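Position 167 of the sequence shown, counted from 1, bears residue number 167 in UniProt numbering, the numbering being contiguous throughout. Structure record follows, encoded as structure tokens.
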Amino acid sequence: MAINIVLIEDHKLMLQGLKSLLNEQQDFKIVGEAENGEEGLRLVKELKPEIVILDVMLPSMSGIDVAKEISNLNYQTKIVAISAYSNRHFVLELLKAGAAAYLLKQDALESLVQAIHAAIQGESIYLSSRIKQLVVDNFANKYATNGIQAPSQLSEREFQILQYLLQGKSSKEIAADANLSLKTISGYRTQIMKKLGVQNIVELVKYALKEGLIPLD
């Protein structure tokens, strides 16, 4: 079954590039496109797509506000944000708003397909390499100065796995880094989410942002 996609992008050249790429994929179907936030939101309400590809900077209604509105609808729609900016504010606000992926526009055509599949699978938050490195560097700096404390309900090992998850790493990457099996990592993921009262990776990131566990500031 095809993955239904709504595109919300006001730059015509970028929109054409995204459409060309998506139309090459047999499992993707573009069901709607909009050049502003209000029209995009109307299409999402009408079509209930699996994926929304959302430009952060839009006329009249920001991509951040659109993402918040989509998240509040409680659909199964996953948001893939694209932006020309690696600014911490935009990354932080889009993740808070419920985005499942954040891509820089210069990387989007190269990594969009992978980001969409990652969002659908819900295994990890997909970040452009530059954004991921920003998160990793900030984790390293914060932990070096004891700036982040583990949630009391997590064990030391669970907290370690949580750190990997919040850096956007997949279960396979975590298993390799932690020298553990995929089955063990899956078990830890389930336990962490259960203990923190979240249902999926997007809710986990929103929880972490609220609790100050993602040091983007």
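We treat Cβ as the ideally placed atom computed from N, Cα and C, and that holds for glycine. Remember, predicted model here, so these are calculated numbers, not experimental data.
- In this structure, the straight-line span from the alpha carbon of D55 to that of N72 is close to 18 Å.
- Annotated three-state conformation of E33 is strand, per DSSP.
- Here S83 is bridged, per DSSP, to L104.
- Following the DSSP letters along the chain, one finds D65 inside the alpha helix (DSSP H) bounded by residues G63 to N72.
- Under DSSP, F28 shares a beta bridge with I3.
- A straight-line Cα-Cα distance of about 10 Å links I116 and I125.
- Taking every protein chain shown into account, the CB of S171 has 16 or more other CB atoms within 10 angstroms, so this residue is buried.
- Going by beta carbons, A97 and K68 fall inside the 7 Å limit.
- Look at the beta carbons and you see the segment 8-19 touching the segment 98-114: at least three pairs across the two are nearer than 8 Å.
- Burial is judged here by how many other beta carbons sit within 10 angstroms of a residue's own beta carbon; E9 has at least 16 and is buried.
- DSSP, read as helix, strand or coil, puts L54 in strand.
- Going by beta carbons, K78 and A34 fall outside the 7 Å limit.
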